[in-house]
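Working notes, structure below.
Residue numbers (this note's numbering): 1 to 757.
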């Protein structure tokens, strides 16, 4: 057995080792030279045959080395002893035979990798092809393009189509996003195709690789990544001056939209391939998806028109604008009337937040480096393309007698949208007047002379002025006729009610609400009232502009009036007045000899200025001084100079507040309703167009136009009360001075005790 191993196994193993290692190295080098693909090298090394061969070779060599150093067997296993003694050489022999078989498998694999036709079939023969294999296959595809191997390329194209079709299978009426390796591979293959030398007749001519992503029969919906990939490919073709391919793509896209992506109606029968009957009845979801898909497809090709204009591909654009493959001609990828063009123009001019980076993200212009201005520049070139389409209308021939290329679009239903359109019409007119595209370039794109262009522009101006007039009339009519929103009115009432609750929270700290009215009291009217005209649309769901915080403003105006009256009542009373700096305020209190019977109220005064230390805050409106004296902190009013003021009076002399309902005549006239029962707050919102008496009253003032009044609403609030003060009560008012603002000196020394006569 030892002689056998030396004479047979070792030479065979050595021969295989001597052949295999250089062979594998040369194969790797050959794959790299032939296909320029490191992924194919990795796949070759990960092949089962390659792994098996390398594994068997290593095991055989190890067994031969083990035989040389294996210890002798000292045990007797009977008839198996001989086999155990020679187990190493037996295993080496077995693995040597397997190694010999595997090298023939390696030869077969090498043959496959050296014959492109066989390698193409080998790479795609698996059921579940990995992502790395797909990427390697695309690199192989590119290598075949470079080598111009027509037979293999034909199979590669077919495999690409079959793969795309298999991915779409069973996904009808859903958004179809392909794997990332497909998108990357198509872009790479398209780049190589563009770089190839032009040939009169070749399988590489045309845009088949891009057109394959247009689903003509499986009813899937294109994903945004698919649009982005097609956009990238078209940009590559423009860069390499392959304008004839753009035209071929346009042909395919035209057929796709015209024949395979028509509009569908609810309950319409559609011919399909995925049902046994061959038909399906369209439901609302299908109709919505189809319309959305058509809009996105058209938007894509309108952006493409802007790109061609940006790149000054005027001759190509001329061919596309008049390209059709139907008779009578249909230009489905191009808006064919003002009814289609104007809404697109308005969308481009829209100030919607969604459009801020929309065009830069979806349709980037390769080579445009303007930073944050990229989106607006792209938007501008698409607008110029729409301007070209407007001029193009005059060159079209009517296929049907009812066609009107200059018919205006239906006005938007939304009032805000109408208003936005009205604001955008002057922008379109300005672009038409300023010749946003030089006349020489226009004449290259559209077969018109200068005089014809001038006449068409005048016609467009007239039509747009008619549109502006229609929008103005529609807006005025809608402002007059649209109903006020109950939700908006209720929201205003809720805000006003909450505001009065907050205001009364601090007023009632020092003014109890009463229902009695003693004749011996001094009475002051306290009224919070507004009668304000406001555009009625502010209280409608549909608005032309945003009305921010106007409800809060009306509520604040009501409360300001009421607070002003309440604070003035303190000023009307007879009182002793002093002037004191804040650091001496505690001395003033001591000089007044205050007791627990007195109340100290600070109006718009910061008590920390008087007590920088050891001041305790009880709540939002109450503090405790270091000597445990209760201090009130209430709002003041700059308009009546009632700030930095401290009022001192007996607790029993605090004013009372009697709330009063408005007179019945006032409630009836202004349709007032109580929106806060606790504090008797009344409010109403009246549309003047629906209240003839109030409308006539405002018309008679001569301050307003009737047309404007009909578009207005009268906002009313009413908060009535009487402030009841006892007669001849002692009150002290201290004006707290500011050393940097106030002039004059304090009169601390003149302060007398509170109860002194």
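In this text, a Cβ means the ideal position worked out from N, Cα and C, and glycines have one as well.
Quick caveat: nothing in here was measured; it's all calculated off a predicted structure.
As DSSP reads the structure, residue 529 sits in a beta bridge with 718. Here DSSP, grouped into helix, strand and coil, assigns residue 687 to strand. With a cutoff of 8 Å on beta-carbon distance, residue 216 and residue 256 are scored as near each other. Taking 8 Å as the cut-off, the Cβ atoms of residue 634 and residue 511 do not count as close.
Residue 621 is not a Cβ neighbour of residue 615, given a cutoff of 8 Å. Residue pairing from DSSP leaves residue 132 without any beta-bridge partner. Residue 281 sits in a strand when the DSSP states are folded into three classes. Close CB contacts of residue 342 within its chain, under the 6 Å cut and outside five residues either way in sequence, are with 409 (chain order). Residue 713 carries a strand assignment under DSSP once its states are collapsed to helix, strand and coil. Between residue 393 and residue 406, the gap from beta carbon to beta carbon is short of 8 Å. Taking residue 185 as the centre and dropping the five residues before and after it, the same chain places the C-beta of 138 closer than 6 Å to its C-beta, in chain order. The alpha-carbon of residue 712 is positioned some 24 Å away from that of residue 560. Here residue 511 carries a coil assignment [DSSP, helix/strand/coil]. In the structure shown, the three-state DSSP call for residue 578 is strand.
The secondary-structure analysis by DSSP pairs residue 170 with nothing; it has no beta-bridge partner. Within a 10 Å sphere around the beta-carbon of residue 590 sit fewer than 16 other beta-carbons, which makes this residue exposed.
The Cβ atoms of residue 344 and residue 302 sit closer than 8 Å to each other. In the assembly as shown, residue 740 is an exposed residue. Its beta-carbon has fewer than 16 other beta-carbons within 10 Å. Here the stretch 725-743 lies against the stretch 640-659, with 3 or more beta-carbon pairs under 8 Å apart.
Apart from the 5 residues on each side of it in sequence, residue 441 sits with its Cβ closer than 7 Å to the Cβ of 314 in its chain, given in chain order. Put simply, the stretch 576-591 does not touch the stretch 543-559. Fewer than three CB pairs are less than 8 Å apart.
Using a Cβ distance threshold of 8 Å, residue 485 and residue 539 count as a contacting pair. Burial state of residue 469 is exposed, judged by a 10 Å Cβ sphere holding fewer than 16 other Cβ atoms. Segment contact: the stretch 701-709 against the stretch 522-530, fewer than three CB-CB distances shorter than 8 Å; contact not assigned. In summary, residue 366 is exposed, with fewer than 16 beta-carbon neighbours lying within 10 Å of its beta-carbon over all protein chains present. The beta-bridge partner set that DSSP reports for residue 224 is empty.
Pairwise C-beta distances place the stretch 408-422 out of contact with the stretch 444-462, as fewer than three of them are shorter than 8 Å. Residue pairing for residue 613: DSSP places it in no beta bridge.
The secondary-structure analysis by DSSP pairs residue 637 across a beta bridge with 642. In the pairwise beta carbon analysis, the stretch 47-64 is classified as touching the stretch 104-114: at least three pairs are separated by under 8 Å. A residue is called buried when at least 16 other Cβ atoms come within 10 angstroms of its Cβ; residue 419 meets this threshold and is buried.
Residue 729 carries a coil assignment under DSSP once its states are collapsed to helix, strand and coil.
According to DSSP, residue pairing for residue 623 in a beta bridge involves 617, 631. DSSP places residue 139 within a helical segment (H, G or I) once states are collapsed to three. Counting only residues of its own chain and dropping the five nearest sequence neighbours on each side, residue 286 has a CB closer than 7 Å to the CB of 173, 264.
Residue range 550-572 is occupied by the alpha helix (DSSP H) that includes residue 568.
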